[in-house]
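Asker:
Number of protein chains: 2
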Amino acid sequence: MTEGPRPRPTLRDIATALGLSVNTVSRALGDKDSVSASTRAAVQAEAARIGYVPNTLARSLVLGSAMTLGLVITNPSNPFYAQLISSIELRVRAQGYSLLLLVTDESVENEQRATEALLRSAVDGAVVVPVQAEWDHWRRVRDSGIPLVFVNRDVPELDCDMVGVDYERGSYEATSHLIAGGARRLLLLEEDLPITTTADRITGFRRAMADGGLEVSDDLIRTVPTRRYDSLALPWQPEEAYRFAQSLALPDAIVTGNDYFALGLLRILAERGLQVPRDLAITGYGDHPYAAYLQTPLTSVRLPAAEVGTTAVDLLLQRLKRDANERPRKTLIRPELVVRASTRTPARL
Amino acid sequence: MTEGPRPRPTLRDIATALGLSVNTVSRALGDKDSVSASTRAAVQAEAARIGYVPNTLARSLVLGSAMTLGLVITNPSNPFYAQLISSIELRVRAQGYSLLLLVTDESVENEQRATEALLRSAVDGAVVVPVQAEWDHWRRVRDSGIPLVFVNRDVPELDCDMVGVDYERGSYEATSHLIAGGARRLLLLEEDLPITTTADRITGFRRAMADGGLEVSDDLIRTVPTRRYDSLALPWQPEEAYRFAQSLALPDAIVTGNDYFALGLLRILAERGLQVPRDLAITGYGDHPYAAYLQTPLTSVRLPAAEVGTTAVDLLLQRLKRDANERPRKTLIRPELVVRASTRTPARL
DNA sequence: TTGAAAGCGCTAACAA
DNA sequence: TTGTTAGCGCTTTCAA
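This is the structure in structure tokens:
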């Protein structure tokens, strides 16, 4: 009874069954011209009968392309990246490619191993959210002829295509919105990751403050720890923001780098008997699905995740089809400020 | 200047450079015994010098295994699945395998295409969250010798390994907890997906009601639409629960099948001037990161996502190594009820 | 229109 | 210890 699965049918099985050569069978199934209609029909019938499935491995070895793209991402539990994964997978599949997933947990070491895997697997290209601490390993991938598209964070040293969100703009708009509402003493609460997204948001905050005629002393830009190196968890913990604001001398408004920080703030402020936005206005970042449904609905910056993902794949496939030496294209997609009650003070606005 | 990347170095490049045969080089790099120390050293040095990376495609073709596992999942934007992806990827990578990701969006058609892709790619096995509407295509995969582990939802017809969450138990505990707190008229708000997880939660609700000596009329079990077929979004929308409860004759307590439903309920109840848990107790399901930080912290059922993912991979790898004909193993991991303010009425408990 | 031959890069027999 | 030979399943010359 231990039958075991019979080996996969191959072209040769079809060929011998039909008294043809392997070659003819290959062409018949490959929709080449040089096969008679009757032969093609017979081949296709036999293929269907025995359940023939082409062996991608063998095919790829000959053709030199595995029709596979890599996706290197830091943390799928980050909802923005989850959406990114979905949109990328969808697009990749639609174009007939497979997707190899590699998670780095914001660790350079993992990322280096990921590049090894990409090289070994001979992917045709890769979409990468880089850790940004080092990039020699990416240079090696690129130099071996595998085009890269960086997503959300750039590595300018490598001259690769890049798609991201205009984080600076989002932060600028949130900050300007608060200033327009009457806030004068604003505080920025950011994550402590050494990545450009955070830096861009800080720049946006500074620029908006300057444009509003407000000074930015360093103590107005504060960071709280994030949970790095653990893709099983969200990077941001409401707890940290909560603790942070426990003993804070309160400003007019707080701009946060993430909705989860805003969540922690809303909680501690309620406990301290303060009302949002009457006593203090708050903006989030990311517009997570819960933002609209909080007791105090949260003003937040909505990120165009799907658009970023789709664009990334398109850039990559274009790069594969066209000249690899064309100038790299950098695209920033603009996020959208969604205004809700947490900043809507009738008195101020 | 259009230099283009030179072709990847192969074993032959090393062999000719060193005046050896390809075979010897292969063995030297493969850590086989039958190579002299000096030869091995020379080969390794040359390999490092030219940046040799083994071609997995060719290797897999010979060995008959691509050292790749498939992960077929419905929706990465579901936070439970996001964690599942992370834990699975981590484990898979730790065991030296690669991970092919396929997203189905709860669509049978996508799932069928996914099985085609798995067969073509000749994965060694696959971890699958099945859509559960049909399974002939899975039978085909299994019969072709690719072991499957179903996750979160079973397909009992196929006798495959399975790991999941004991959803019934979670629902039972949430319901019992509410009854113990004094609730007598309880309502269950569920998603409308035709999957076993939903059915199991309903069963748990019914059982707890019966054990509490309460009757369950059909109008106590209600469903709201979920957003199927769109992995770019969460399946559950607070909006639906919100609408649902707009004109509801209110019970003592509502058990929800998801935290997002609870979120919508909390909002509409506040708008209707009702207090949670004084007027009405609520439980969520999933224990999303925001649950603890809502204005009324939400009692919820925490799901052991990482444990489920890790177990799934382990079962799959065991199945690959041992006898494929061993009896399938079904494991349900117990979730944990996390009690918070939304059900903690001093008066009642 | 079909078939024979060669080869993608690698590993596993076997022989030297 | 090393090299020769063969072959994984497929596609692409080139002849017939």
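Residue numbers (the working numbering), protein chains in the order written: chain A, -18 to 330; chain B, -18 to 330. All C-beta atoms, glycine included, are put in the ideal place defined by N, C-alpha and C.
1) Excluding five sequence neighbours on each side, which residues of the same chain lie with their C-beta closer than 6 Å to the C-beta of T(-17) (chain A)?
2) Counting C-beta neighbours from all protein chains within 10 Å, is the total for N306 (chain B) 16 or more, i.e. buried, or is it exposed?
3) When you compare the CB positions of V333 (chain A) and L247 (chain A), do they come within less than 8 Å of one another, or not?
4) Applying the criterion that 16 or more other CB atoms from any shown protein chain within 10 Å of the CB defines a buried residue, is P(-12) (chain B) buried or exposed?
5) Closest to Y78 (chain B) by CA distance: which of A:L(-8), A:R101, A:A164 is it?
6) List the residues of chain A whose Cβ lies closer than 7 Å to the Cβ of R(-7) (chain B), in chain order.
7) Between B:R187, B:P175, B:P137, which lies nearest to I160 (chain B) when the distance is taken from Cα to Cα?
8) Contact criterion: CB-CB distance below 8 Å. Does L330 (chain B) meet it with respect to chain A?
9) Considering Cα atoms alone, identify which of A:A22, A:T264, A:A9, A:Q276 is closest to V157 (chain A).
10) Compute the Euclidean distance between the alpha carbons of V144 (chain A) and G194 (chain B), then round it to the nearest angstrom.
11) Looking at the strands, I want to know which residues DSSP matches up with E172 (chain B).
12) Run through the DSSP bridge pairs and tell me what R72 (chain B) is partnered with.
13) Which value, in whole angstroms, describes the spacing of the CA atoms of Y271 (chain A) and L244 (chain B)?
14) When you compare only the Cα positions, how much space is there between S7 (chain B) and N36 (chain A)?
15) Identify each residue in the stretch 238 to 267 of chain B for which the Cβ-Cβ distance to at least one residue of chain A is less than 9 Å, and report them in chain order.
16) For R134 (chain B) and V110 (chain B), what's the separation of their Cα atoms in angstroms?
17) Check whether the Cβ atoms of A262 (chain B) and T324 (chain B) lie closer than 8 Å to each other.
18) Which chain B residues are close to I331 (chain A), counting only those with a beta carbon under 9 Å from its beta carbon?
19) Taking the alpha helix (DSSP H) that L313 (chain A) falls in, what are its first and last residues?
20) Please check the pair E149 (chain A) and G238 (chain A), which I expect to be a contact at CB under 8 Å, by giving their CB distance rounded to whole angstroms.
21) Compare the C-beta of T37 (chain A) with all C-beta atoms of chain B and state if any pair is closer than 8 Å.
22) Distance, Cα to Cα, Q276 (chain B) vs K302 (chain B)?
23) Would you give the residue range spanned by the alpha helix (DSSP H) that G151 (chain A) belongs to?
24) Under 7 Å, CB to CB, which of the residues in the stretch 148 to 179 of chain B have a partner in chain A?
25) Report the option in A:R315, A:L296, A:A273, A:L298 whose CA atom is closest to the CA atom of A322 (chain A).
26) E27 (chain A) CB to nearest chain B CB: under 8 Å?
27) Counting along the chain, where does the beta strand (DSSP E) carrying T264 (chain B) start and finish?
28) On a Cα-Cα basis, can you pick out the residue from A:I202, A:D304, A:Q64, A:D86 that is closest to D142 (chain A)?
29) Can you list the alpha helix (DSSP H) stretches of 4 or more residues lying completely in the stretch 282 to 314 of chain B, in chain order?
30) Taking the DSSP output, what are the residues bridged to M143 (chain A)?
31) Can you tell me where the alpha helix (DSSP H) with Y243 (chain B) in it begins and where it stops?
32) Measure the C-alpha to C-alpha separation of A47 (chain A) and L168 (chain A) and round it to an integer number of angstroms.
33) Please report the straight-line C-alpha distance between G314 (chain B) and V112 (chain B), rounded to a whole angstrom.
34) Does the beta-carbon of L44 (chain A) have 16 or more other beta-carbons within 10 angstroms, so that it is buried, or is it exposed?
35) Would you verify that the beta carbon of A47 (chain B) is, or is not, closer than 8 Å to some beta carbon of chain A?
36) If contact is defined by three or more beta carbon pairs under 8 Å, each pair taking one atom from either stretch, is the stretch 89 to 109 of chain B in contact with the stretch 83 to 101 of chain A?
Answerer: Working from what's here:
1) In this predicted model, T(-17) (chain A) has a pLDDT of only 45, less than 50, meaning its place in the structure is not dependable enough to derive any value.
2) When all chains shown are included, N306 (chain B) counts as exposed.
3) The requested residue 333 (chain A) is not part of the displayed model; chain A covers only -18 to 330.
4) exposed
5) A:R101
6) Ordered by position in chain A, no residue passes the 7 Å Cβ test against R(-7) (chain B), which lies about 15 Å from the chain.
7) B:R187
8) The pLDDT assigned to L330 (chain B) is 39, lower than 50, so where the model puts this residue is not dependable, and the model offers no usable value.
9) As written in the sequence, residue 157 (chain A) is Ser, which differs from the Val given in the question. That would be A:T264, whose Cα lies nearest to the Cα of S157 (chain A).
10) 59 Å
11) According to DSSP, E172 (chain B) bridges with B:V205.
12) In DSSP, R72 (chain B) forms no bridge with anything.
13) Roughly 7 Å between the two C-alpha positions.
14) S7 (chain B) and N36 (chain A): Cα-Cα distance of roughly 24 Å.
15) Residues passing the 9 Å Cβ filter: D240, Y241, L244, G245, L247, R248, A251.
16) 6 Å
17) yes
18) Only positions -18 to 330 of chain A appear in the structure, and residue 331 (chain A) is not among them; the question remains open.
19) Where L313 (chain A) is concerned, there is no enclosing alpha helix (DSSP H), although the beta strand (DSSP E) it sits in stretches over 311 to 314.
20) Contact flag wrong, Cβ pair sits at about 12 Å.
21) yes
22) 50 Å
23) 148 to 161
24) none
25) Residue A:A273 is the option with its Cα nearest to A322 (chain A).
26) no
27) 262 to 264
28) A:D304
29) 286 to 302
30) Paired residue(s): A:F131, A:K311.
31) The sequence given here places Ala at residue 243 (chain B); Tyr does not occur at that position. First-last of the alpha helix (DSSP H) with A243 (chain B): 240 to 252.
32) 50 Å
33) In the sequence under discussion, the amino acid at residue 314 (chain B) is Ile, which differs from the Gly named in the question. Spanning the alpha carbons of I314 (chain B) and V112 (chain B) requires a straight line of approximately 20 Å.
34) exposed
35) With 8 Å as the cut-off, A47 (chain B) counts as an interface residue toward chain A.
36) no
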